[in-house]
Amino acid sequence: VTAALMMGTAGLPHVITRFYTVPSVRAARYSAGWALLFIALLYTTAPAIATFAKFNLLNTLNGKTPAEVETLDWANKWTETGLLKFEDKNGDGILTFTGVADTTEIVIDRDIIVLSTPEVAQLAPWVIALVAAGGLAAALSTASGLLLAMSSAVSHDIYFRILNPNASEGNRLMVGRGMIFLAILLAGYFGVNPPGFVGQVVAMAFGLAAASTFPAILLGIFDKRTNAPGAIAGLVVGLVFTMVMIGMMRSVQIFGTATPMMTDFMGISAEGIGTIGMILNLIITYVVSRVTAAPPQEIQDLVESVRVPRGAGEAAVH
């Protein structure tokens, strides 16, 4: 899972496009360094925030009577959404959280742990609004970046460069808009019928990125022999393998089967299967690139210039 998250981050298309906004390679390296710093701060503090949030949530509900819980406005609001449930199963008049599905009397959806924290802590309404606005802004920013990246890839890289080189700008624009519409429908379906809670879905998405785009980026920089047929073959194999594995392991949520078609693959869950897809992608890309024609010399020179900046060379005596 860790490998899929790390390599998937490097292969996220909407993150890669952010580097187009910098004026030079030097600026790109500085921006990447600052980005890693803030990402590290986020990921190191997120577990602590989640722990405190869950503690406050359980401390407010655990050991209370149903009547006491019903007096909490925030609990009633989340109960109406179905994301918070409580039931006195043993009839002792006390709600107890055990963490076991069959015996626990308090069921908390993991997606609301952080969102409900300001209400549980009885913070000011403007703080609650700030948290909600921040979450919505982050979701919209990420979604818009992904939609633009997908529409550009389909309309320009696939439709214009491969399928119809004579396509006009108007046709490419229509194809891009159609791709955005289809992506919104697909995202909406999985938003209503998620294959897991937010953390699991994010891990699976990063796994798909690791299994598809990351190997092409890596070999495109460090292997001058990598060509388009190899990159395409590896991308298709890695992406299809990962999608099939996730679909089989999450068949209950996605296809509505009674039991999962597959629980794991060699002990690897759906959240980490992208690592195996990435390895397959690397192997297929390398092999196909070796048995097909080499890239043009100007492409190989371009790759060399990316690895070794212009002006670099052996030390000279002055």
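In the numbering used here, the protein residues as written are 30 to 347.
Note that beta-carbon positions come from the ideal geometry of N, C-alpha and C, so glycine has one too.
Here the structure is a predicted model, which means the values were calculated and not measured.
With 16 as the cutoff for other CB atoms within 10 Å, does residue i come out buried or exposed?
i      : result
Tyr188 : buried
Ser170 : exposed
Arg279 : buried
Thr242 : buried
Ala240 : buried
Val183 : buried
Met307 : buried
Leu66  : exposed
Asn193 : exposed
Gly120 : exposed
Trp19  : As shown, the chain starts at 30 and ends at 347. That puts residue 19 outside it, with no answer to give.
Gly122 : exposed
Thr271 : buried
Ile142 : buried
Ile302 : buried
State the Cα-Cα distance for the pair residue i and residue j, rounded to the nearest angstrom.
i      : j      : result
Lys83  : Ala196 : 54 angstroms
Ser298 : Thr292 : 7 angstroms
Ala166 : Ala232 : 21 angstroms
Asn310 : Arg319 : 14 angstroms
Pro289 : Tyr315 : 34 angstroms
Trp23  : Val204 : What the structure shows of the chain is the stretch from 30 to 347, and residue 23 is not part of that stretch, so it cannot be assessed.
Pro224 : Ile275 : 9 angstroms
Gly285 : Ala57  : 45 angstroms
Gly296 : Ile305 : 12 angstroms
Leu101 : Asn222 : 29 angstroms
Gly137 : Leu144 : The identity of residue 137 in the sequence shown is Ile, whereas the question assumes Gly. Taking the straight line joining both Cα atoms gives about 12 angstroms.
Ala257 : Ile246 : 12 angstroms
Asp131 : Arg55  : 57 angstroms
Ala161 : Ala172 : 16 angstroms
Ile191 : Gly199 : 17 angstroms
Gly92  : Thr74  : 29 angstroms
Tell me whether residue i, by its Cβ, gets closer than 8 angstroms to a heavy atom of the ligand ADP.
i      : result
Ala130 : As presented, the structure is devoid of all ligands, the ligand ADP included, so that no description of it is given.
How close, in whole Å, do the beta carbons of residue i and residue j come, if the pair is a contact with beta carbons under 8 angstroms?
i      : j      : result
Pro95  : Phe115 : 7 angstroms
Ala178 : Thr46  : 6 angstroms
Gly249 : Thr321 : About 15 angstroms separates the two Cβ atoms, so there is no contact after all.
Asp140 : Phe48  : Not really, about 31 angstroms apart at Cβ, beyond 8 angstroms.
Ile209 : Ser180 : 5 angstroms
Any beta carbon from chain B within less than 9 angstroms of residue i's own beta carbon?
i     : result
Lys93 : The structure shown contains no chain B, having only a single protein chain.
For residue i, collect the residues of the same chain with a Cβ closer than 8 angstroms to its Cβ; drop the 5 residues on either side in sequence, then sort them by chain order.
i      : result
Pro76  : none
Ala262 : Ile313, Thr314, Val317
Val98  : Leu90, Ala104, Phe115, Leu124
Take residue i and list the residues in its own chain whose beta-carbon comes closer than 6 angstroms to its own, dropping the five residues that flank it on each side.
i      : result
Arg201 : Ser184, Phe189
Ile135 : Leu90, Phe115, Leu124, Phe126
If you drop the 5 nearest sequence neighbours on each side, which residues of the same chain put their C-beta closer than 7 angstroms to that of residue i?
i      : result
Gln383 : Given a span of 30 to 347 for the chain in the structure shown, any question on residue 383 remains unanswerable.
_Assess contact between the stretch 231-247 and the stretch 36-44, defined as three or more Cβ pairs (one per stretch) separated by less than 8 angstroms. Is contact present?_
Yes, they touch.
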